[in-house]
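Asker:
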Amino acid sequence: MSEMAWAADGTTDPVRACPIGPVVDLVFSRWTTPVLWTLHAHGRQRYVELQRRVADISPKVLTQRLRRLERDGLVRRTYHAEVPPRVEYEITELGDSLAPLFATLADWSAANLDRVAQAREEYDSAPPR
Numbered sequence: 022m023s024e025m026a027w028a029a030d031g032t033t034d035p036v037r038a039c040p041i042g043p044v045v046d047l048v049f050s051r052w053t054t055p056v057l058w059t060l061h062a063h064g065r066q067r068y069v070e071l072q073r074r075v076a077d078i079s080p081k082v083l084t085q086r087l088r089r090l091e092r093d094g095l096v097r098r099t100y101h102a103e104v105p106p107r108v109e110y111e112i113t114e115l116g117d118s119l120a121p122l123f124a125t126l127a128d129w130s131a132a133n134l135d136r137v138a139q140a141r142e143e144y145d146s147a148p149p150r
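The following block contains the structure:
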């Protein structure tokens, strides 16, 4: 078991308490996963194609998410100086290294989401706690 670092106020260092926390924050925010999944599954995309494939995302949020992913090294933006200008986005090698994690989560989802739905129904129909 890993050693936890205790702060002066008695709390634990969140990174040591849950070492995957920073990865969860980085990859599993509201729109990050669908954007990465789409770029992994469909390859290089123009902004409009990506927006069409990631349903219900606003242009502002897509732009913010793409900038963050580019900053984190998970997505590469390529600007083509032509008329009209063309911009394409693709997943980087670092971003693509998340593919096994996504595949594992997709397998878990296929195997267990029905059970989660059933547990929710049972919980919601039980007498108040």
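Position in the sequence shown counted from 1, then plus 21, gives you our numbering. Cβ atoms here follow ideal geometry from the backbone N, Cα and C, with glycine treated the same way.
(1) Beta carbon of Arg51, beta carbon of His63: below 8 Å?
(2) What distance in whole Å lies between the Cβ atoms of Glu109 and Gln66, which are believed to be in contact at a cut-off of 8 Å?
(3) Can you check DSSP and say which residues form a bridge with Tyr110?
(4) I want to know whether the stretch 87-106 touches the stretch 121-134 - three or more CB-CB distances under 8 Å.
(5) Exposed or buried, Thr99, counting other C-beta atoms within 10 Å across all chains shown (16 or more means buried)?
(6) Once you ignore the five residues that flank Leu47 on each side, which residues in its own chain have a CB closer than 7 Å to its CB?
(7) Mind reading off the beta-carbon distance from Leu95 to Ile112? Whole number of angstroms is fine, and I expect it under 8 Å.
(8) With distance defined between alpha-carbon atoms, name the residue in Leu115, Leu126, Val44 nearest to Leu60.
(9) Would you identify the three-state DSSP class for Trp27, choosing helix, strand or coil?
Answerer: According to the data block:
(1) no
(2) 7 Å
(3) Gln66, Arg98
(4) no
(5) exposed
(6) The beta carbon of Leu47 sits closer than 7 Å to the beta carbons of Asp93 from its chain, once the five residues preceding and following it are set aside; these are given in chain order.
(7) 7 Å
(8) Leu115
(9) Residue placement at Trp27 cannot be trusted, given a pLDDT of 49 that sits under 50; the coordinates are not used to answer.
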